[in-house]
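Engineer:
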Amino acid sequence: MDWITNVSWLDHLAGKEEPLRWHLNSTEDYLAFLCGPKRSHLFVPMSLIYALIFVVGVVGNLLVCLVIIKHRNMKTPTNYYLFSLAISDLLVLVFGMPLEVYEMWSNYPFLFGPVGCYFKTALFETVCFASILSVTTVSMERYVAILHPFRAKLESTRKRALRIIIVLWVLSVLFSLPNTSTHGILLQRFPNGTLVPGSATCTVVMPMWIYNCIIQVTSFLFYVLPVAIISVLYYLMGLKLRGDKSLEAEEMTVNIQRPSRKSVTKMLFVLVMVFAVCWAPFHIDRLFFSFVVDWTEPLANVFNLIHVLSDWRSST
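So in my numbering, spot 243 of the sequence shown is number 1700, and the numbers just go up one at a time.
As structure tokens, this is what we get:
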């Protein structure tokens, strides 16, 4: 999702374009009239915030990956899913965030062409879907471990976890294609029909109703529905754990150094709740953009604030 810097121009463009375009003295003036200021007035403060998010996120997620890789006892099926989550965050931080900062510095032209535009859109979509599918799978694994422990011992293996992770990423890439296909390079034109130099932007180029439908459907399938499923699963696990008083004592008798299923489940429950809260701004950001028709400056400021919060998720 792009940083909004030109919304104050959008509502008035249709009515004022013809009388004003003849009074503009240069290509830069014409571009500013059509697309808004080239550089965001929030570039400096937002760059500092993004730099903090980048450092905290990269260091934190790299540590998660290194701990799982270097310690044999950490290579469990559950930690494999957490490793997948860390990789998805690193992809956003290393490839996506620099593009966000660049677009605040230079809203146009978009220098990376159609391929770069598709990559940017597909990256955020794929990471979003892979993350929520991974968390949902972790929750289902814990549900089976608590309610069907013998079945979990037979089925929950590292090889199986790796296969599932591969399937999740493949599905995420496939489901990212519809939204990616709605984006492309938009070029502005002079009144005589010739292209305006330096006007290329990466944005939605298909009818907005198609984009809006895709965003609303995917937000339901990859946020609302998974969060509802996860909530039900942890509620059922909580009932089971609270009703079985002997569970933790029995596990500690078998192996006092091994964390109990109850403590692991509590830890994962906190992780899932943090995850749900951190991804909420991302989906609100997308839905906000799809539902708002008449943009105003206050709405743009609210949108940009949500946009920053949606990027903070990668450092948590």
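Glycine included, every Cβ here is placed at the ideal spot set by N, Cα and C. As the structure is a computational prediction, the values presented were derived from the model and not from experiment.
DSSP state of residue 1496, grouped into three classes?
Structural biologist: Coil at residue 1496, not helix or strand.
Engineer: The beta strand (DSSP E) that contains residue 1643, what's its start and end?
Structural biologist: It spans 1640-1643 - the beta strand (DSSP E) in which residue 1643 sits, taken as one unbroken run.
Engineer: Are three or more beta carbon pairs between the region 1728-1744 and the region 1673-1683 nearer than 8 angstroms?
Structural biologist: Yes: at least three Cβ pairs fall under 8 angstroms.
Engineer: Between the alpha carbons of residue 1748 and residue 1636, how many angstroms are there, rounded?
Structural biologist: Each residue's Cα considered, the two are about 16 angstroms apart.
Engineer: Could you check what DSSP says for residue 1661 in three-state terms: helix, strand or coil?
Structural biologist: Three-state result, residue 1661: strand.
Engineer: Please state the DSSP three-state secondary structure of residue 1652.
Structural biologist: Residue 1652: strand per DSSP, three-state reduction.
Engineer: Spatial neighbours of residue 1643 within its chain, please: C-beta separation below 6 angstroms, excluding the five flanking residues on both sides.
Structural biologist: Closer than 6 angstroms at the Cβ level, and outside the excluded window around residue 1643, lie 1658, 1660, 1662.
Engineer: Whole angstroms are fine: how far does the CA of residue 1699 sit from the CA of residue 1501?
Structural biologist: Taking the straight line joining both Cα atoms gives about 51 angstroms.
Engineer: Residues in its own chain within less than 8 angstroms of residue 1712 by CB, not counting five upstream and five downstream?
Structural biologist: Its pLDDT being 46, under 50, residue 1712 is placed unreliably in this model, and the value from its coordinates should be taken loosely. Cβ neighbours of residue 1712 beyond the five flanking positions: none.
Engineer: Note down, in chain order, each residue of its chain lying with its Cβ closer than 6 angstroms to the Cβ of residue 1547, except the 5 sequence neighbours on either side.
Structural biologist: These residues qualify, in order along the chain: 1518.
Engineer: In the DSSP assignment, the alpha helix (DSSP H) including residue 1427 goes from what residue to what residue?
Structural biologist: Residue 1427 is absent from the model: the chain starts at 1458 and stops at 1773.
Engineer: With 16 as the cutoff for other CB atoms within 10 Å, does residue 1626 come out buried or exposed?
Structural biologist: Its Cβ being crowded by 16 or more others within 10 Å, residue 1626 is buried.
Engineer: Just the C-alpha distance for residue 1687 and residue 1543, rounded to the nearest angstrom, thanks.
Structural biologist: For residue 1687 and residue 1543, the distance between alpha carbons rounds to 20 angstroms.
Engineer: Report buried or exposed for residue 1549, applying the criterion of at least 16 other Cβ atoms within 10 angstroms of its Cβ.
Structural biologist: Its Cβ being crowded by 16 or more others within 10 Å, residue 1549 is buried.
Engineer: In whole angstroms, what is the alpha-carbon distance linking residue 1579 and residue 1695?
Structural biologist: If I take the Cα positions, the gap works out to 37 angstroms.
Engineer: Quick one: Cα of residue 1727 to Cα of residue 1668, how far?
Structural biologist: Answer to the nearest angstrom: the Cα atoms are 34 angstroms apart.
Engineer: What are the start and end residues of the alpha helix (DSSP H) that includes residue 1583?
Structural biologist: Looking at the DSSP string, the run of the alpha helix (DSSP H) that includes residue 1583 is 1570-1604.
Engineer: Can you tell me which of 1584, 1595, 1503 puts its alpha carbon nearest to the alpha carbon of residue 1559?
Structural biologist: Residue 1559 has its Cα closest to that of 1503, out of 1584, 1595, 1503.
Engineer: Please report the distance separating the alpha-carbon of residue 1516 from that of residue 1605.
Structural biologist: Computed Cα separation, rounded: 37 angstroms.
Engineer: As a quick exercise: from 1586, 1670, 1672, 1553, pick the residue whose alpha carbon is nearest that of residue 1622.
Structural biologist: The shortest Cα separation from residue 1622 among 1586, 1670, 1672, 1553 belongs to 1586.
Engineer: Closest Cβ-Cβ distance between residue 1731 and chain D: below 8 angstroms?
Structural biologist: In the structure shown, chain D does not exist; there is a single protein chain.
Engineer: If you compare alpha carbons, which of 1664, 1496, 1554, 1572 is closest to residue 1512?
Structural biologist: Minimum Cα distance to residue 1512 is reached at 1554.
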